Each structure stands twice: as structure tokens, then as C-alpha cells.
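Asks: Below you'll find the structure I mean.
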Amino acid sequence: RSGVHPQEIWDPQRQLSGFLNMILIEKTANEPLIAKGYKATFTLAISHTPESRTDAFDVLVTDVLPTGLNYVAGSIDCDDGEQDPDAGSCKYDESTRTIQATWSTFTLLPANDQGIIKFDVIGTASIPPNGSVTNVANVEWSTLLGDRTTPDSCSDPANPFATERYYDPGDPVNLYFSN
480 RSGVHPQEIW
490 DPQRQLSGFL
500 NMILIEKTAN
510 EPLIAKGYKA
520 TFTLAISHTP
530 ESRTDAFDVL
540 VTDVLPTGLN
550 YVAGSIDCDD
560 GEQDPDAGSC
570 KYDESTRTIQ
580 ATWSTFTLLP
590 ANDQGIIKFD
600 VIGTASIPPN
610 GSVTNVANVE
620 WSTLLGDRTT
630 PDSCSDPANP
640 FATERYYDPG
650 DPVNLYFSN
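Each residue of the sequence shown is one higher than the one before, counting from 480 in the working numbering.
Below you can see the structure in the form of C-alpha cells.
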């Protein structure tokens, strides 16, 4: 089943939205239902929300395909939007069953620009009769440009915790995302 609805998650930094960026990911399918042997096209649209005030950096889109859906080889298309991902970054990783794309910078302007990722899947026998499959895409980003692994601090000695908003996919702190 491909009834996927766009959703924004709560972000505690939203209180600071006057200067932060916020990214939205919307996922649609060209078929309302997917059964064994049937193909569907998923479209991921990445954009700034109306509250966003600045560019986003180190943007990472991931979509792990669940059991029941197989990627159709060679079907990924990442150049239909106004903001294409970094060259060579839009791909399907067979070992992790993950669609992935990155943008070093996802610009705020011009307004309403989107990054678009399209790919085809085919239903497998793993979809239970009258059952459903949930497939969620995610987008993560940083609010600061560049490598923030070395702490910047105006204190002496330097504050070892001054890595605010450094993008590290494995670190759940200071990471912004939507799905």
C-alpha cells in the first residue's frame, strides 16, 4: 500500500525559526495500492517550509525500502527539480536497500524551488494478502556551513561541547530532520 502522507516532525528549534532553516519532504506514489508484481513510481519532493529563513547545508535524503518493495534497477531520476543533488550522490544502495541523495547547499531562494527524486519499485510476495507496507523517506540537514567537528569557542579554555548544529548522521543531537 502506498498511501504516504507528508508529515513534519516537531522541532524544538522551531522557537528560533526567525533565523533557522526548515526543510520539508513530501512523498507521493502514482499508484494508491501496490501488489505483488505491480510497479509504482515514488516521488520525493524536498523544499524549504514557509518559515525557513536561510539556506540548509549538508542535506541528506534517505529512503530505506521495506520488505515487500524492490527497487527497479536504473529507475532513479534526480534531475526533475530546480535544485539537483550533488553530482553522483543520488543513488540506490543495494546492500542497505536505501535511496540516497545529498546537497551540500539547499538554497532558500528562489522561493518554492524543490529537489525531486523519482524511482520505481515493484511489489513482492512479501506483501501479505490484504496487508500493507509502510515506506517512509527522511531528510536531515545542518543550519551551519562547513565542518563543525572542531569546537569554536570564545571561552578560555575552549568549550568542548561547542559543536552546536554540526551535522553527523549518527548523532541524534543538533540534527534536524523531517519525514
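Note that beta-carbon positions come from the ideal geometry of N, C-alpha and C, so glycine has one too. Just so it is clear, the structure is predicted and the values come from calculations on it, not from any experiment.
What three-state label does DSSP hand Gln486 in the structure shown?
Replies: Because Gln486 carries a pLDDT of 39, less than 50, the predicted location of this residue cannot be relied on, and no value is offered for it.
Asks: Given a cut-off of 7 Å, decide if Asp537 and Leu587 are closer than it, judged by their beta-carbon atoms.
Replies: no
Asks: Ile525 to Leu503, Cα distance in whole Å?
Replies: Straight-line Cα distance between these residues: approximately 6 Å.
Asks: Tell me Val538's beta-bridge partners as DSSP assigns them.
Replies: Trp582
Asks: Closest to Leu539 by CA distance: which of Glu510, Thr520, Ala514 and Phe585 is it?
Replies: Looking from the CA of Leu539, the closest CA among Glu510, Thr520, Ala514 and Phe585 belongs to Phe585.
Asks: Select from Leu623, Asn617, Leu624 and Asp592 the residue whose C-alpha is nearest the C-alpha of Val543.
Replies: For the residues Leu623, Asn617, Leu624 and Asp592, the minimum Cα distance to Val543 belongs to Asn617.
Asks: Closest to Leu623 by CA distance: which of Ser583, Val615, Cys569 and Ile601 is it?
Replies: Residue Ser583 is the option with its Cα nearest to Leu623.
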